[in-house]
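**Student:** Take a look at the following structure, please.
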Amino acid sequence: MDFIKQAFAVKHDFWRYLVGSLIIAVFATVGQFPFAIAAILKYTSNGGDVTNMNEQDLMTVLEPNLNLFLLLLSFAFGFVGLIIVLKSIHNQSLKAVTTIRAKIDWKRVLFAFVFWGVITSSMLFVDYLSAPDNYVWNFELNRFIILAIIAVLLIPIQTSLEEYIFRGYLMQGFGVATASKQFPFGFIFTILSIPISAFVITTYGLDLWESIGFLGALVAAGALVFDILKKKGALESDLNKKLYVSLKRKWVPLLITSVIFGGMHIANPEVGKLGYGVMIYYIGTGLFLGVITLMDDGMELALGFHAANNLFGALLVTADWTVLKTHSVFKDVSEPGQGFGDIIIPVFVVFPILLYIFGRVYKWTNWKEKLFGNIEAPIKIETAIENDYKI
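In the numbering used here, the protein residues as written are 1319 to 1709.
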């Protein structure tokens, strides 16, 4: 039993993952209401016209600590939605989405958290010492204490929700979906839909509900095309059979979830400031977190790493062009770039080194099988598919 395969033991029809993802999104959206209401009330009390309120106004009108608290609150709502989805739609425990071990290994979570926290803090202070003009002292004790309380309580919820959705829930969901002969169409449709959706949403500046409407229309169009292809016998073609065999591999859910994870950050102000090249970093981070999840047969290391990355970042440094503006210790006033040091080194140097270190610490072996091996369904499902395809 490996991390993806254990999802076959629960209710794993792919429509359940689609419905479940929608429910989680609805919960997270409801969780944004307190932030939106507070921001609008503050904006109008300052004499602003809500009809002229833009995204910049929305994100900066509130005091930074209150802004951070209300923004992170939506992730707590989303986490409640995740638990409800797992229990009611999949009959699955939170532990089963986390790891194959008998219980969650909190030592692994703590190791990754402390290890990456020390490294990322050290890199920041080295950068500060080498280029002090790039930073200004931003520390205010009272505000920092409030920030620390909010960050310690809520940032791990935010990062954990992202990990549970992408490295847990959807990694397993797309993984078990590869057992269906309908998967090749779904894979191709997903790969094409991501850049199309990103282009339309960003180019035309669609808001949340317009984006949801567009995505709904795109899915409906995909369903129509699939129905036509099915009636034409495309699912029984030699091409589809070959694609099915080729795509029933662990790299497929790893790639899909990493690209979706990166795409979810496309609306961040960092992308507007740094350009689309920064998406290499976001997608690369998703790949790194997905690889350590598959190699370790559990999300514990990813949970600790992601929490440390966001928590130490929020506490130590902020900038006017980042998504979260906080009362941190330092403020970065340099002009950001998207070159070698900002993207290439983390993705192609730092992450591989971290993989090597984690691999040595936890004695990972059989990398090829863990990352590129077949996703084998239980015997009954596997036999049915093989008989259907006569392979």
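No residue lacks a Cβ here, since even glycine has one placed at the ideal position from N, Cα and C. Treat the numbers as computed from the prediction; the structure is a model and nothing was measured.
Look at Trp1639 and Glu1588 and say whether their C-beta atoms are less than 8 Å apart.
**Tutor:** As a first step, residue 1639 must be located in the sequence shown, where it is residue number 321. As a first step, residue 1588 must be located in the sequence shown, where it is residue number 270. Their beta carbons are under 8 Å apart, which means Trp1639 touches Glu1588 by this criterion.
**Student:** Since Phe1387 and Leu1472 are thought to touch, with beta carbons under 8 Å apart, how far apart are those beta carbons, to the nearest angstrom?
**Tutor:** Looking up residue 1387 in the sequence shown gives position 69. Looking up residue 1472 in the sequence shown gives position 154. That belief holds up - the Cβ atoms of Phe1387 and Leu1472 are roughly 7 Å apart, short of 8 Å.
**Student:** Does DSSP put Asp1650 in a helix, a strand or coil?
**Tutor:** Stepping through the sequence shown from its first residue, residue 1650 is reached at position 332. Residue state, collapsed to three classes: strand.
**Student:** Taking all protein chains shown into account, decide if Asp1451 is buried (16 or more other Cβ within 10 angstroms of its Cβ) or exposed.
**Tutor:** The sequence position of residue 1451 within the sequence shown is 133, counting from 1. Looking at its Cβ environment, which holds fewer than 16 other Cβ atoms inside 10 Å, Asp1451 is exposed.
**Student:** Using DSSP's beta-bridge definition, name the partner residues of Trp1455.
**Tutor:** Locating residue 1455 in the sequence shown gives position 137, where the first residue counts as 1. Beta-bridge pairing links Trp1455 to Phe1648.
**Student:** Could you tell me the boundaries of the alpha helix (DSSP H) in which Phe1492 lies?
**Tutor:** Sequence index remark: in the sequence shown, residue 1492 carries index 174 (1-based). Per DSSP, Phe1492 belongs to the alpha helix (DSSP H) from Leu1488 to Ala1495.
**Student:** Consult DSSP for Gly1551 and reduce its assignment to one of helix, strand or coil.
**Tutor:** Here residue 1551 refers to the residue found at position 233 of the sequence shown. Coil at Gly1551, not helix or strand.
**Student:** Are Phe1353 and Ser1392 touching if we call contact CB-CB under 8 Å?
**Tutor:** Numbered from 1 along the sequence shown, position 35 holds the residue referred to as residue 1353. Numbered from 1 along the sequence shown, position 74 holds the residue referred to as residue 1392. Taking 8 Å as the Cβ cut-off, Phe1353 and Ser1392 qualify as a contacting pair.
**Student:** Candidates Lys1323, Pro1654 and Phe1503: which alpha carbon is nearest Val1543's?
**Tutor:** What you label residue 1543 is simply residue 225 of the sequence shown in a count that begins at 1. When only C-alpha atoms are compared, the closest one is Phe1503.
**Student:** So, at 8 Å on beta carbons, what are the nonlocal neighbours of Leu1553 in its own chain, with the 5 sequence-adjacent residues on each side left out?
**Tutor:** For this step, residue 1553 is matched to residue 235 along the sequence shown. Contacts found: Lys1499, Gln1500, Phe1503 and Leu1547.
**Student:** Return helix, strand or coil for Val1635, following the three-state DSSP convention.
**Tutor:** Your numbering for residue 1635 matches position 317 in the sequence shown. Three-state result, Val1635: strand.
**Student:** Does His1330 pass the burial test, meaning 16 or more other C-beta atoms within 10 Å, or should it be called exposed?
**Tutor:** Counted from its first residue, the sequence shown places residue 1330 at position 12. Buried, because 16 or more other Cβ atoms sit within 10 Å of the Cβ of His1330.
**Student:** I need the DSSP call for Arg1419, collapsed to helix, strand or coil.
**Tutor:** Within the sequence shown, numbered from 1, the residue matching residue 1419 stands at position 101. Reduced to three states, the DSSP call for Arg1419 is coil.
**Student:** At which residues does the alpha helix (DSSP H) containing Phe1397 begin and terminate?
**Tutor:** By 1-based counting over the sequence shown, the position of residue 1397 is 79. Counting along the chain, the alpha helix (DSSP H) containing Phe1397 begins and ends at Pro1382 to Val1403.
**Student:** Taking a contact to mean a Cβ-Cβ separation below 8 Å, would you say Asp1650 touches Tyr1453 in this structure?
**Tutor:** Position 332 of the sequence shown holds residue 1650. Position 135 of the sequence shown holds residue 1453. Yes. Within cutoff.
**Student:** I'd like to know if the stretch 1553-1564 and the stretch 1671-1684 are in contact, where contact means that at least 3 CB-CB pairs between them fall below 8 Å.
**Tutor:** Output reads no: the stretch 1671-1684 does not touch the stretch 1553-1564.
**Student:** I'd like the list of long-range same chain contacts for Glu1458, defined as Cβ closer than 7 Å, with 5 residues on each side in sequence excluded.
**Tutor:** As a first step, residue 1458 must be located in the sequence shown, where it is residue number 140. So the qualifying residues of the chain are His1645.
**Student:** Got a sec? Which residues, its chain only, sit under 6 Å from Ala1625 by beta carbon, not counting five neighbours each side?
**Tutor:** Translated into positions along the sequence shown, residue 1625 becomes position 307. Around Ala1625: Phe1431, Pro1474 and Thr1477.
**Student:** Give me, in chain order, the residues of the same chain whose beta-carbon lies closer than 8 Å to that of Ile1468; leave out the 5 immediate sequence neighbours on both sides.
**Tutor:** The sequence position of residue 1468 within the sequence shown is 150, counting from 1. The residues are Asn1383, Leu1386, Phe1387 and Leu1390.
**Student:** For the stretch 1509-1522 and the stretch 1340-1349, state whether three or more C-beta atom pairs, one from each stretch, are separated by less than 8 Å.
**Tutor:** No, because fewer than three Cβ pairs between the stretch 1509-1522 and the stretch 1340-1349 fall closer than 8 Å, the two stretches do not touch.
**Student:** DSSP puts Gly1616 in a beta bridge; with which residues?
**Tutor:** Here residue 1616 refers to the residue found at position 298 when the sequence shown is read from its first residue. DSSP lists Thr1417 as partners of Gly1616.
**Student:** Between which two residues does the alpha helix (DSSP H) holding Gln1410 run?
**Tutor:** Residue numbering aside, residue 1410 sits at position 92 when the sequence shown is read from its first letter. No alpha helix (DSSP H) contains Gln1410, which DSSP labels as neither H nor E.
**Student:** Could you tell me which of Leu1634, Met1371 and Val1596 sits nearest to Val1665, measuring between CA atoms?
**Tutor:** One-based indexing of the sequence shown puts residue 1665 at position 347. It is Val1596.
**Student:** Based on the DSSP secondary-structure assignment, which residues constitute the bridge partners of Asn1692?
**Tutor:** Taking the sequence shown and counting its residues from 1, the one referred to as residue 1692 is at position 374. Arg1567, per the DSSP bridge assignment.
**Student:** Would you kindly work out how many angstroms separate the C-alpha atoms of Ile1464 and Val1427, rounded to a whole number?
**Tutor:** Start at 1 with the first residue of the sequence shown, and residue 1464 comes out as number 146. Start at 1 with the first residue of the sequence shown, and residue 1427 comes out as number 109. Distance between the alpha carbons of Ile1464 and Val1427 is about 25 Å.
**Student:** Would you tell me roughly how many angstroms separate the C-alpha atoms of Ser1440 and Thr1369, rounded to the nearest one?
**Tutor:** Position 122 of the sequence shown holds residue 1440. Position 51 of the sequence shown holds residue 1369. For Ser1440 and Thr1369, the distance between alpha carbons rounds to 45 Å.
**Student:** Measuring straight from C-alpha to C-alpha, what distance separates Asn1705 and Gly1493?
**Tutor:** Start at 1 with the first residue of the sequence shown, and residue 1705 comes out as number 387. Start at 1 with the first residue of the sequence shown, and residue 1493 comes out as number 175. Here the model assigns Asn1705 a pLDDT of 45, short of 50, so the residue's position is not dependable and the matter cannot be decided.
**Student:** Run the CB neighbour count on Ile1709, radius 10 Å, all protein chains shown included, and call it buried at 16 or more, exposed below.
**Tutor:** By 1-based counting over the sequence shown, the position of residue 1709 is 391. With a pLDDT of 37 at Ile1709, under the threshold of 50, the modelled position of this residue cannot be trusted; read the value that follows with caution. Counting Cβ neighbours within 10 Å, Ile1709 comes out exposed, since fewer than 16 surround it.
**Student:** Relative to the alpha-carbon of Ile1574, which residue among Ile1584, Thr1520, Ile1530 and Gln1490 has its alpha-carbon at the smallest distance?
**Tutor:** Position 256 of the sequence shown, counted from the start, is the residue given in the question as residue 1574. The shortest C-alpha separation from Ile1574 is found at Gln1490.
**Student:** Could you give the DSSP three-state label for Lys1560: helix, strand or coil?
**Tutor:** Within the sequence shown, residue 1560 is the residue found at index 242, counting from 1. Looking at Lys1560 - three-state DSSP - the assignment turns out to be helix.
**Student:** Could you have a look at Gly1622 and say whether DSSP puts it in helix, strand or coil?
**Tutor:** For this step, residue 1622 is matched to residue 304 along the sequence shown. DSSP places Gly1622 in helix when its eight states are reduced to three.
**Student:** Is Trp1333 helix, strand or coil when you go by DSSP?
**Tutor:** As a first step, residue 1333 is located in the sequence shown; it is residue number 15 there, counting from the start. Three-state DSSP puts Trp1333 in a helix.
**Student:** Go to Trp1424, then tell me how far its alpha helix (DSSP H) extends in each direction, as first and last residue.
**Tutor:** Residue 1424 sits at position 106 when you count from the first residue of the sequence shown. Trp1424 to Ser1448 is the extent of the alpha helix (DSSP H) around Trp1424.
**Student:** Of all the options Phe1332, Val1328 and Leu1340, which has the alpha carbon lying nearest to the alpha carbon of Gly1534?
**Tutor:** To locate residue 1534, count along the sequence shown from 1; it is residue 216. When each option's Cα is compared against that of Gly1534, the closest is Leu1340.
**Student:** Going by the CB atoms, is the gap between Met1617 and Gly1486 shorter than 8 Å?
**Tutor:** Here residue 1486 is taken as the residue at index 168 of the sequence shown, counted from 1. Here residue 1617 is taken as the residue at index 299 of the sequence shown, counted from 1. Yes; because the gap between Cβ atoms is below 8 Å, this pair is in contact.
**Student:** Could you tell me if Ser1576 is buried or exposed, where buried requires 16 or more neighbouring beta carbons within 10 angstroms of its beta carbon?
**Tutor:** Taking the sequence shown and counting its residues from 1, the one referred to as residue 1576 is at position 258. When all chains shown are included, Ser1576 counts as buried.
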